[in-house]
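Contents: one structure, followed by commentary.
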Amino acid sequence: MQVHERRKSRFVATLQTCQSEVVDRFAPYMPKSLVVDVPQNLLDLAVRTNVTMPFGKWNGRFYFCSDLFKYVLTDEGVCYQFNGLDVEDMYRELDYIPQADRTKIDYNNYFDAELPPFNNITGAWSLDNGYVGQGFNSYPQRMVLTSARNGLLVLLNGFEHNFDYTCRNFKQGYKIFLNSPESIPLTTGNYILVPHNDEVLVSIIPHYVMSAKNLHDIEAKKRQCFFNDERYLRYFKSYSQNNCQIECLVNYTISKCGCVKYWMPKPTAIPICSLEDVFCYTNAEEEMTLKIQNQTNEKIKDDNVKIMCDCMPSCNSLDYDFEISATYYNLEKTIIAWRDKYEHSDSRTARLIVYFREPQFTAIKRTIMFSISTLIANCGGIFGLFMGISSLSIIEFVYFFTMRLFSNLRQRHLIKKKLFQQD
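Quick note on numbering: the sequence shown equals residues 46 to 468 in the numbering used here.
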C-alpha cells in the first residue's frame, strides 16, 4: 500500500469515530472503492499506553500502565480498561470480537522490589456468587484499604499537537467510565470528565443489588429483572443490562444495514460497516432508541405493550455512585520544584485518583415479602384466631345468657321462698 493510500485509510477509519456532522462534511471526498480495516487502523493510530499514561499506582504498588490496562474498542475509538474481565470470560466465542486485547495482566509486575509478591490467583468470581475461594490477589482485583493512597492513581499525559477540535466537540480531556467487570462500557452513558491540567479525585460508593433465590418463583415481568440463567445472550456469557442493550443494537444494525460498527461483537460472516454505511447505522441506532422510548411510554398506559429487546436490569447488579473533587494540577512547576528539568513544552498532564470511600458498603437484597407458605401461615393464624373467638364466645354466650341466667333466677326464687317461710 502506498503512503497516500495508508493515510486515506487511517483518515477514513478515524472518521467513523466522529460525529455525523463531521462525516457529512468529509465523506463525499473519500474514495468509495477504498477497503479499510477500521479496527486495525484505529489501533495503529492510538497513542501508546505508556505515552498517554506514563505510570500508575494500585494498592500501594507502582506500575507501568501498559502492565495494568488493556485496550478496548468503543464507539469513540480506542479506550483503555482497568480491572475488567478477560475477553474469554466475557464473550461466548473469541471470533465474535477479533480485535480484542487478550493480554493477561500480571499484578506482580510492579517496580517496588521491597514489597512482597502476590500469591497466585485461585478460585473464581461472578456477580451472582461474588469471590469464591479467592484471597487478596483476586481476579478481578479488589482493594483492602479505602484511602486515596491505596486506590488507583494514574498520571494522564496529553500533547497539544494531538488535540482535535473537529471530530467530537470542544471538550478536551479524558472520559472515565465506571462499570461492573462483566459489562461492556457504553460511551453513551454517564462518564467523568478529567480535564487537562487538573487533579480529579473520585470517591466510589458501590451500589450492589442482590436477589434471593425464592424470586425465581415469580415471573420476570412482575419482579422486573432477569437472573443470569433466565436470559440467554448470543455474544456474552453473562447477562447485564449493558450487554443486553449492546446485543440489541448489534442485531438491529445487522437487520437494517447488513453490517456492524467496528467495535461491535458479530458473527464471522457479518462484515464491518464502511464509511458509506455510517448514515445507515447512525439512523438505525436513533430509530431503535426512539422505538424503545415510545414503547416505554405506551407501557405506562397499557401493561401488555412489549418493549423491544426487553433489556430489564439484572437481578444481581453492581453499579457505582461517586463523588468528585478537582483542583488545578501543574506538573511543570512540580518538576521544577524537584530541581528537575521539564522537557515537554506542549504536554498537558492530569492526575486521576479513584478509591472506595468506605471499607464496607450496604447491599440491597430483593426477596419475596409474602411467599405462599407465609401466606398460608398468616391465614392459618388468623383463621385460628377467629375459630377460637367463635367457639369460646358461643359457649360463653350460652352459659351467661342461659345457664347462668337460669341459675340466678333459681337462686332468687329460693331466697324469696326462705324469707316467706320465716315470716
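Just so you know, even glycine gets a beta-carbon here, dropped at the ideal spot from N, CA and C.
How many angstroms separate the CA atom of Phe181 from the CA atom of Asn195? Translated into the one-based positions of the sequence shown, residue 181 becomes position 136. Translated into the one-based positions of the sequence shown, residue 195 becomes position 150. Distance between the alpha carbons of Phe181 and Asn195 is about 14 Å.
Any contact between the segment 220 to 235 and the segment 355 to 371? By contact I mean 3 or more CB pairs, one from each, below 8 Å. yes
Can you list the beta strand (DSSP E) stretches of 3 or more residues lying completely in the segment 193 to 224, in chain order? 197 to 204, 219 to 221
If you measure between the beta carbons of Cys124 and Tyr116, is that distance less than 9 Å? To locate residue 124, count along the sequence shown from 1; it is residue 79. To locate residue 116, count along the sequence shown from 1; it is residue 71. Taking 9 Å as the Cβ cut-off, Cys124 and Tyr116 qualify as a contacting pair.
Helix, strand or coil for Pro84? Go by DSSP, reduced to three states. Within the sequence shown, residue 84 is the residue found at index 39, counting from 1. Note: Pro84 maps to helix in three-state DSSP.
Starting from Ser256 and walking both ways along the beta strand (DSSP E), at which residues does that stretch end? Along the sequence shown, one-based indexing puts residue 256 at 211. Ser256 -> beta strand (DSSP E) spans 243 to 256.
Can you tell me whether DSSP reads Ser283 as helix, strand or coil? Residue numbering aside, residue 283 sits at position 238 when the sequence shown is read from its first letter. Of the three classes helix, strand and coil, the one that applies to Ser283 here is coil, per DSSP.
Could you give the distance in angstroms between the alpha-carbon of Cys63 and the alpha-carbon of Thr232? Numbered from 1 along the sequence shown, position 18 holds the residue referred to as residue 63. Numbered from 1 along the sequence shown, position 187 holds the residue referred to as residue 232. So the alpha carbons of these two residues sit roughly 13 Å apart.
Thr119 bridges to which residues according to DSSP? Here residue 119 is taken as the residue at index 74 of the sequence shown, counted from 1. Note: Thr119 sits in a beta bridge opposite Gly122.
In whole angstroms, what separates the C-alpha of Thr119 from that of Phe163? For this step, residue 119 is matched to residue 74 along the sequence shown. For this step, residue 163 is matched to residue 118 along the sequence shown. Approximately 32 Å between the Cα atoms of the pair.
Quick one: Cα of Ala72 to Cα of Ile249, how far? Numbered from its first residue, the sequence shown carries residue 72 at position 27. Numbered from its first residue, the sequence shown carries residue 249 at position 204. The alpha-carbon atoms of Ala72 and Ile249 are separated by roughly 42 Å.
Quick check: Pro230 and Asn287, are their CB atoms within less than 9 Å of each other? As a position in the sequence shown, residue 230 is number 185, starting the count at 1. As a position in the sequence shown, residue 287 is number 242, starting the count at 1. Yes, the Cβ-Cβ distance between Pro230 and Asn287 is below 9 Å.
According to DSSP, which residues form a beta bridge with Ala395? Locating residue 395 in the sequence shown gives position 350, counting from the first residue. DSSP output for Ala395 lists Leu201 as bridge partner(s).
For the alpha helix (DSSP H) that Tyr326 lies in, which residues bound it at each end? Looking up residue 326 in the sequence shown gives position 281. Where Tyr326 is concerned, the enclosing alpha helix (DSSP H) stretches over 323 to 346.
Beta-bridge pairing of Lys102 - partner residues as DSSP gives them: Along the sequence shown, one-based indexing puts residue 102 at 57. Phe107, Leu198, per the DSSP bridge assignment.
Can you give me the Cβ contacts of Trp103 inside the same chain, cut-off strictly under 6 Å, excluding the 5 residues immediately before and after it? In the sequence shown, the residue the question calls residue 103 occupies position 58. Leu197.
Whole angstroms are fine: how far does the CA of Ser228 sit from the CA of Gln126? For the purposes of this step, residue 126 is taken as the residue at position 81 of the sequence shown. For the purposes of this step, residue 228 is taken as the residue at position 183 of the sequence shown. Near 11 Å, if we compare the C-alpha coordinates of Ser228 and Gln126.
Which residue from Asn453, Gln456, Val323 puts its Cα closest to that of Arg70? To locate residue 70, count along the sequence shown from 1; it is residue 25. Closest by alpha carbon: Val323.
With DSSP run on the structure shown, which of helix, strand or coil describes Tyr152? The residue labelled residue 152 in the question sits at position 107 within the sequence shown. In the structure shown, Tyr152 sits in coil (DSSP, three-state: anything other than H, G, I, E or B).
Hey, quick one: how far does the beta strand (DSSP E) through Lys410 stretch, first residue to last? One-based indexing of the sequence shown puts residue 410 at position 365. Taken as a continuous stretch (DSSP letters only), the beta strand (DSSP E) holding Lys410 covers 409 to 411.
Please identify the residue among Lys378, Ala145, Leu160 whose C-alpha is closest to the C-alpha of Tyr152. Within the sequence shown, residue 152 is the residue found at index 107, counting from 1. For the residues Lys378, Ala145, Leu160, the minimum Cα distance to Tyr152 belongs to Leu160.
For Cys302 and Cys318, believed in contact at Cβ under 8 Å, the rounded distance: Mapped onto the sequence shown, residue 318 falls at position 273. Mapped onto the sequence shown, residue 302 falls at position 257. About 6 Å separates the two Cβ atoms, so the contact holds.
Going by C-alpha to C-alpha distance, which of Leu246, Asn242, Lys220 sits closest to Gly234? Indexing the sequence shown from 1 puts residue 234 at position 189. Measuring from the Cα of Gly234, the nearest candidate turns out to be Lys220.
So Lys410 and Met255 are in contact, right, with Cβ under 8 Å, and what is the actual spacing, rounded? Translated into positions along the sequence shown, residue 410 becomes position 365. Translated into positions along the sequence shown, residue 255 becomes position 210. That belief holds up - the Cβ atoms of Lys410 and Met255 are roughly 5 Å apart, short of 8 Å.
With a threshold of 6 Å on Cβ separation, who are the neighbours of Glu244 within its own chain once the five nearest residues in sequence on each side are excluded? Here residue 244 refers to the residue found at position 199 when the sequence shown is read from its first residue. Contacts found: Thr372, Tyr374, Arg396.
Looking at the structure shown, is Arg228 part of a helix, part of a strand, or coil, going by DSSP? In the sequence shown, the residue the question calls residue 228 occupies position 183. Looking at the sequence provided, one finds Ser at residue 228 rather than Arg. Reduced to three states, the DSSP call for Ser228 is coil.
Where Thr94 sits in the DSSP three-state scheme: Looking up residue 94 in the sequence shown gives position 49. Helix, per DSSP.
Continuous alpha helix (DSSP H) stretch holding Glu66: start and end: The count along the sequence shown starts at 1 and reaches residue 66 at position 21. Here the alpha helix (DSSP H) through Glu66 covers 65 to 71.
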